[in-house]
Amino acid sequence: MIFFARGIVSDDEILSGILGDSVLKRATENKLYEQFAYLMKDATFKHQLSEDEAASLYSDTILAVIENILNKRFEGKSSLKTYLFQIFSNKCVDFLRKASTNKMSVYKTESIDDLLVAVPDETKSILQKMVSENEVNILRTKIKQIGEKCQQMMMAWSEGLADEKIAFEMGYQSAGVVKTSRLRCLEKLKALYKQI
C-alpha cells in the first residue's frame, strides 16, 4: 500500500492508487487534488477568474483526469502535472469563451416571466405554479436516480452545510473530496436531465 505522508507523490504512485482498491483510490484522488491545487491560484491571475470559478474548473479537471486514467486515455507520454495543467488550461479558456459568448446572447433570449406579461393575472399565477411544481417533481425524480450517497450529499449541500461539515458528517477525508464527489453527483444529475 502506498504511504502518502511525504509531500509529493510520483506519477506512478498516483496512477496505481487510482487504478487500485476503493480505499486507496479515494486517498489518491484526494492527494492528486491537493498536489496541484496551486493551479487554481495561478488561474485567478492568468485567466482573471474568480476563486470559485477557478475551483470549479479545477475540480472538473481532476474529475476528467481521473476518468482518463481509469479509461486508459492517459498514456503517460507527458507527466501527470503537464497533462493536468493542459486540461485545466483548456477548461479555463473554454469557460472564458462561453462567458463572452453568453454575454452576447443574453440580449436575444426571452424569459418565461417576460412572456407571461401578456397573460391575465389569474392565469399567470396558475401557469407559474404549474411550471414550478413540474420542475420540482422532475428534480425529485432525478435525485432519486443518482444514488443514496449522492442524495445525502445534495440534501446537505442544498441546506447550506459547508463542505467541511459534510466531510465530517459523511466520513469524507476533506472538503476537497466532498467538492469533487458533489461535482460527480451533479454531473450524474445533469446527464439524467439531458435524457428528458
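Numbering (the UniProt record's numbering), first residue to last: 1 to 196.
Note that beta-carbon positions come from the ideal geometry of N, C-alpha and C, so glycine has one too.
* To do: Compute the Euclidean distance between the alpha carbons of G76 and S16, then round it to the nearest angstrom.
  => Looking at the two C-alpha atoms, the distance is approximately 13 Å.
* Asked: How about H47 and V9: are their beta carbons less than 9 Å apart?
  -> For H47 and V9, no; Cβs fall outside 9 Å.
* Asked: According to the neighbour-count rule (16 or more other Cβ atoms, all chains shown, within 10 Å of its Cβ), is V178 buried or exposed?
  -> V178 comes out buried.
* **F168 in three-state terms, based on DSSP** => F168: helix per DSSP, three-state reduction.
* Residue closest to A37, alpha-carbon to alpha-carbon, out of S158, L183 and F88 -> Proximity to A37 across S158, L183 and F88 peaks at F88, based on C-alpha coordinates.
* Reduced DSSP secondary structure (H/G/I, E/B, other) of L49 -> In the structure shown, L49 adopts coil according to DSSP, grouped into three states.
* Asked: Is it right to say D52 is buried, meaning 16 or more other beta carbons lie within 10 angstroms of its own, or is it exposed?
  -> Burial check for D52: the Cβ neighbour count within 10 Å stays below 16, so the residue is exposed.
* **Nearest-angstrom Cβ-Cβ length linking L189 and I146, presumed shorter than 8 Å** => Taking 8 Å as the upper bound for CB-CB distance, L189 and I146 are in contact here, some 6 Å apart.
* **Option in S50, N90 and A43 with minimal Cα separation from V65** => Here the closest residue by C-alpha is N90.
* Mapping DSSP to helix, strand and coil, what is V106? -> Confidence in V106 is poor, its pLDDT being 47 and thus under 50, which makes the residue's placement too unreliable to answer from.
* Asked: Exposed or buried, which one is D163 when buried takes at least 16 other CB atoms within 10 Å?
  -> The residue is buried, with at least 16 neighbouring Cβ atoms inside 10 Å.
* Apply the 10 Å Cβ neighbour rule to S181 and answer buried if 16 or more other Cβ atoms are within range, or exposed otherwise. => It counts as buried.
* Presumed contact (8 Å Cβ cut-off) between K144 and Y193, rounded CB distance -> At roughly 14 Å, the Cβ-Cβ gap does not stay under 8 Å, so K144 and Y193 are not in contact.
* To do: With a 10 Å radius around its C-beta and 16 neighbouring C-beta atoms as the bar for buried, classify F168 as buried or exposed.
  => Label assigned to F168: exposed.
* Looking only at its own chain, which residues have a Cβ that is under 6 Å from the Cβ of N68, when we skip the five neighbours before and after it? -> So the qualifying residues of the chain are F74.
* **4-residue-minimum alpha helix (DSSP H) runs that sit fully inside the region 37-87, ordered along the chain** => Correct list: 38-46 and 51-70.
* Endpoints, alpha helix (DSSP H) assigned at A162 -> From DSSP, A162 is part of no alpha helix (DSSP H); its letter is neither H nor E.
* Asked: So, is N134 buried or exposed, given that buried needs 16 or more other C-beta atoms within 10 angstroms?
  -> Flag for N134 reads exposed.
* How long is the line joining the alpha carbons of L49 and A27, rounded to whole angstroms? -> Spanning the alpha carbons of L49 and A27 requires a straight line of approximately 28 Å.
* Asked: Since D12 is in the alpha helix (DSSP H), which residue starts that stretch and which ends it?
  -> According to the DSSP assignment, D12 belongs to the alpha helix (DSSP H) that extends over D11 to L19.
* Closer than 8 Å by C-beta to T44: which residues in its own chain qualify, once you throw out the five before and the five after it? Chain order, please. => The residues are S50, E51 and A54.
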